[in-house]
Amino acid sequence: MAKLKIEDLRRIKESKKGTVNLREGVYRAKVTVHMGTCGIAAGARTVMNTLMTAIGEKKTDDVILTSSGCAGLCSQEPMMTVEVEGLSPVKYVYLDEEKTMKIFREHVIGGKPVAEYAITMGSETTY
Amino acid sequence: MEKQKKTQHTNLMICAGTGCVSCGSFGVRDALVKEIEKQDLSDEVLVATTGCNGFCAAGPLLVSYPDGVFYQKLQVEDVPFFVEEYLLKGRVVKKHLFVRPEDKEAIPAINDIGFFSNQLLVTLRNRGLIDPEIIDDYIARDGYMAAEKALNEMTPEEIIREVTEAGIRGRGGGGFPTGLKWKFCADASGSQKYILCNADEGDPGAFMDRSILEADPHAVLEGMIIGAKAIGAHQGYIYVRAEYPLAIERLETAIAQAEEYGLLGDDILGSGFDMKIELYHGAGAFVCGEETALMLSIQGQRGMPRPRPPFPAHKGLWNLPTVLNNVETWANIPQIIFRGSKWFNSLGTEKSTGTKVFALTGCVKNIGLIEVPMGVTLRSIVYDVGGGIPGKRRKLKAVQVGGPSGGCIPESLIDTPVDFESIVKTGAIVGSGGMVVMDDTSCMVDVAKFFLEFTVEESCGKCTPCREGTQQMLHILDRITLGKGRPEDIDTLITLSAMIKSSSLCGLGQTAPNPVETTIKYFREEYEAHIFEKRCPAKKCKALLKFEVVPELCKKCGLCFKACPSEAITWVKKSVAVIDIDKCTQCMNCYAVCKFDSII
Chain L
14 MAKLKIEDLR
24 RIKESKKGTV
34 NLREGVYRAK
44 VTVHMGTCGI
54 AAGARTVMNT
64 LMTAIGEKKT
74 DDVILTSSGC
84 AGLCSQEPMM
94 TVEVEGLSPV
104 KYVYLDEEKT
114 MKIFREHVIG
124 GKPVAEYAIT
134 MGSETTY
Chain P
5 MEKQKKTQHT
15 NLMICAGTGC
25 VSCGSFGVRD
35 ALVKEIEKQD
45 LSDEVLVATT
55 GCNGFCAAGP
65 LLVSYPDGVF
75 YQKLQVEDVP
85 FFVEEYLLKG
95 RVVKKHLFVR
105 PEDKEAIPAI
115 NDIGFFSNQL
125 LVTLRNRGLI
135 DPEIIDDYIA
145 RDGYMAAEKA
155 LNEMTPEEII
165 REVTEAGIRG
175 RGGGGFPTGL
185 KWKFCADASG
195 SQKYILCNAD
205 EGDPGAFMDR
215 SILEADPHAV
225 LEGMIIGAKA
235 IGAHQGYIYV
245 RAEYPLAIER
255 LETAIAQAEE
265 YGLLGDDILG
275 SGFDMKIELY
285 HGAGAFVCGE
295 ETALMLSIQG
305 QRGMPRPRPP
315 FPAHKGLWNL
325 PTVLNNVETW
335 ANIPQIIFRG
345 SKWFNSLGTE
355 KSTGTKVFAL
365 TGCVKNIGLI
375 EVPMGVTLRS
385 IVYDVGGGIP
395 GKRRKLKAVQ
405 VGGPSGGCIP
415 ESLIDTPVDF
425 ESIVKTGAIV
435 GSGGMVVMDD
445 TSCMVDVAKF
455 FLEFTVEESC
465 GKCTPCREGT
475 QQMLHILDRI
485 TLGKGRPEDI
495 DTLITLSAMI
505 KSSSLCGLGQ
515 TAPNPVETTI
525 KYFREEYEAH
535 IFEKRCPAKK
545 CKALLKFEVV
555 PELCKKCGLC
565 FKACPSEAIT
575 WVKKSVAVID
585 IDKCTQCMNC
595 YAVCKFDSII
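If you read the sequences in order, they're chains L and P.
Residue numbers for the first sequence, in my numbering: 14 to 140.
Residue numbers for the second sequence, in my numbering: 5 to 604.
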């Protein structure tokens, strides 16, 4: 490793921004893949892999990806919930790789929900 | 290559401070990595080790991000279930959540736990968020940006002005304004100067510096680089005690990484400034935490204090101008330079700015390492952060602040703000940050004796008041706890204290009588009970214990009879128990089991 210059310091900082945001809980968009037994059986892992690759390739550092249990709508799995800052959360159903990519591009990055794959706006109230 | 493109969406941060390591956190980490591989989750989940998280009593600890779920008491055998439930199925594992003592509610989010939410992290800002052995993690959180600013954009005068305006005072115990110390040294003539870090943390029960070094070693190095530029030094030493192997290991790693990146060595960040830092291992003498003794020790001589002046700022290491600051002080410096003095002095009180790290131990529910703004009350520390006193029948009696140099602050003064001035008014000192909470089972004479035994042991013997005076005080305390106290003993202790404080050479002797003085000041009646009534009210001093049963309170249950290992209690059904003093070994069993307080 050559000695760092000021620019290198900034570059390292920039390249780790995603990790820092993740650990600080700072994000613009949060994607939750529902990974109950039903979701996994229906192919939630593919959805998850697609998203991980997409985030990695796009080098976005303000999107966090997390998994949760069964969302209760087992017949329409795989599902995911997308929460973009300033917008209501949206639940998507019957996902596959292609749909996931479209949602990632248009909703997660673009901020425009993909109505044709969505089942509902908003989430259940939780206590 | 395909795999590397993916982003790991979950980070499991395992605490690898000494506390958690000793209860097996490395084993848990290895088991997690293995299990995650087995479940084919390796490119989704990152397992990282961090420095001390602070909640040492509940280790091994793990915090998961981005969800911020706090898991405690994880063992290797819990790992397979944990991975399946939490990582595969996305369900929080209740078994390992923190349970709020008041309502037995399990709390998943780390920020909802009082122990964490009532803290303010400046010095420890990176704890639990970075891997201390990865320099990029530190840089990612603005690391070395302050050094860059100081080296390339600021003059030494500007650095000193910023530190002075921040109002930071030495965190090692003295509370001397750091900026002023630097100015003295910068003004001193001499081409060669030294910058030192005091990591010879020796107070019983204190582990602030160790935790900082283990969690964020680069912050200390960065602080020292900034200090070196301010005073014009190019060589630094960290005097770290050899009993801190993990801290030493991480420091060595950090120094090697910084050297590789050119953040230490020649021409740092292209600024033309050179700086080297070396470690020096202390051999375990408490007195070497005193600055002049520490410097002699680095020179290879016997660690003994010398009279001041000349102060180290003029004649320090090798008789050359030297600045010595404590680990915690150094760790604050990058923040002050990076975020500015105005930000720093907005924290804390007017005369005690910033935050302070404390090692909270003793009779308190949440034992661990905490950081709070200067000026919060002791009550807030004990109850909001510490969670209060364990045991329904127990009451808070006193808080010992400042270790063997500090004093006992009684429950009646629990609303005292924790800042340099207010604590000194009580007779204690903020010190380096040891804080021992004591409940009503603590005997204050015994506590004073404990701390004095420590200072007697650690006195270097150079000056008579400290060497002989503390020894005499200990004789008297010994006598009192054995029931042989004399009526004049309290006055003698007070006289001796005043003499030792005024005539000792260094801080060790000048503060050694503090525990005795404060306990006499606030708990004189306890000393009197020992001396005149030959009685220890807290039932600690064995020689003074003569248990008996109060017949009116005895419910004749026989619990004490069953608990007695030495057949000193006679009891038959429906009769009051009787204790045979000659057979009694003062083991306290009967006293502890009696539910009706009928044994006194």
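Heads up, the beta-carbon is just placed ideally off N, CA and C, and yes, glycines get one too.
Note that the structure is predicted; figures quoted are calculated from it, not measured.
For residue i, is the classification buried or exposed, using 16 other Cβ atoms within 10 angstroms of its Cβ as the cut-off for buried?
| i | result |
| --- | --- |
| HIS479/P | exposed |
| ALA57/L | buried |
| LEU255/P | buried |
| GLY395/P | exposed |
| ALA335/P | buried |
| ALA596/P | exposed |
| ALA144/P | buried |
| ARG175/P | buried |
| TRP322/P | exposed |
| GLN475/P | exposed |
| GLN305/P | exposed |
| SER81/L | buried |
| GLN303/P | exposed |
| GLU98/L | exposed |
| PHE536/P | exposed |
| SER215/P | buried |
| THR468/P | exposed |
| ALA15/L | exposed |
| TYR140/L | Bear in mind that a pLDDT of 48 at TYR140/L, under 50, signals an unreliable position, so the number given afterwards is only what the model happens to contain. With fewer than 16 other Cβ atoms within 10 Å, it is exposed. |
| ASN370/P | buried |
| MET503/P | exposed |
Can you check DSSP and say which residues form a bridge with residue i?
| i | result |
| --- | --- |
| MET93/L | VAL46/L, TYR105/L |
| ILE585/P | Partner(s): none; ILE585/P has no beta bridge. |
| GLU109/P | ARG104/P |
| MET2/L | For chain L, the structure presents residues 14 to 140; residue 2/L sits outside this window and is missing. |
| PRO469/P | Bridge partners of PRO469/P: none, in fact. |
| ASN15/P | LEU50/P, TYR69/P |
| ALA596/P | In DSSP, ALA596/P forms no bridge with anything. |
| CYS27/P | DSSP, once it has assigned bridges, lists no residue as partnering CYS27/P. |
| ALA363/P | LEU373/P, GLY438/P |
| MET279/P | GLY269/P |
Please state whether DSSP places residue i in a helix, a strand or coil.
| i | result |
| --- | --- |
| VAL33/L | helix |
| CYS464/P | coil |
| GLU1/P | Nothing can be reported for residue 1/P, as the shown portion of chain P is limited to 5 through 604. |
| LEU36/P | helix |
| GLU247/P | coil |
| TYR284/P | strand |
| ALA402/P | strand |
| ILE132/L | strand |
| ILE393/P | coil |
| LEU373/P | strand |
| ILE199/P | strand |
| GLY411/P | strand |
| GLN303/P | coil |
| ASN122/P | coil |
| ARG254/P | helix |
| GLY269/P | strand |
| GLY513/P | helix |
| PRO338/P | helix |
| LEU17/L | coil |
| PRO569/P | coil |
| ASP116/P | helix |
Should residue i be flagged as near chain C, meaning a C-beta pair shorter than 9 Å?
| i | result |
| --- | --- |
| ASN330/P | No chain C appears in the structure shown, which is made up of the protein chains L and P. |
Checklist entry - If contact means a Cβ-Cβ distance below 8 Å, which residues of the segment 275–299 of chain P contact chain L? => result none
Checklist entry - Are at least three pairs of beta-carbons, each pair with one atom in the segment 188–205 of chain P and one in the segment 231–239 of chain P, less than 8 Å apart? => result yes
Checklist entry - Name the residues in the segment 92–105 of chain L whose C-beta lies less than 7 Å from a C-beta of chain P; which are they? => result none
Checklist entry - Quick one: any contact between the segment 118–136 of chain L and the segment 17–34 of chain P, if contact means 3 or more CB pairs under 8 Å? => result These segments do not touch.
Checklist entry - Along the segment 77–101 of chain P, what residues have a CB closer than 8 Å to any CB found in chain L? => result LEU91, LEU92, LYS93, GLY94, ARG95
Next on the checklist: Does the structure place the segment 445–461 of chain P close enough to the segment 476–495 of chain P that three or more beta carbon pairs sit under 8 Å?
Outcome noted: yes
Item to check | Contact residues within the segment 239–268 of chain P, judged by C-beta distance below 8 Å to chain L | outcome: GLU264, TYR265, GLY266, LEU267
Checklist entry - Taking three-plus beta-carbon pairs below 8 Å as touching, is the segment 537–550 of chain P in contact with the segment 429–446 of chain P? => result yes
Checklist entry - Using a beta-carbon distance cut-off of less than 7 Å, what residues from the segment 50–73 of chain P approach chain L? => result TYR69, PRO70, ASP71, GLY72
Checklist entry - Taking Cβ-Cβ distances below 7 Å as the criterion, which residues of the segment 72–94 of chain L are in contact with chain P? => result ILE77, LEU78, THR79, SER80, SER81, GLY82
Checklist entry - Is the segment 325–340 of chain P touching the segment 208–222 of chain P, taking contact as three or more C-beta pairs under 8 Å? => result yes
Next on the checklist: With three or more C-beta pairs closer than 8 Å as the rule, is the segment 84–92 of chain P touching the segment 366–385 of chain P?
Outcome noted: no
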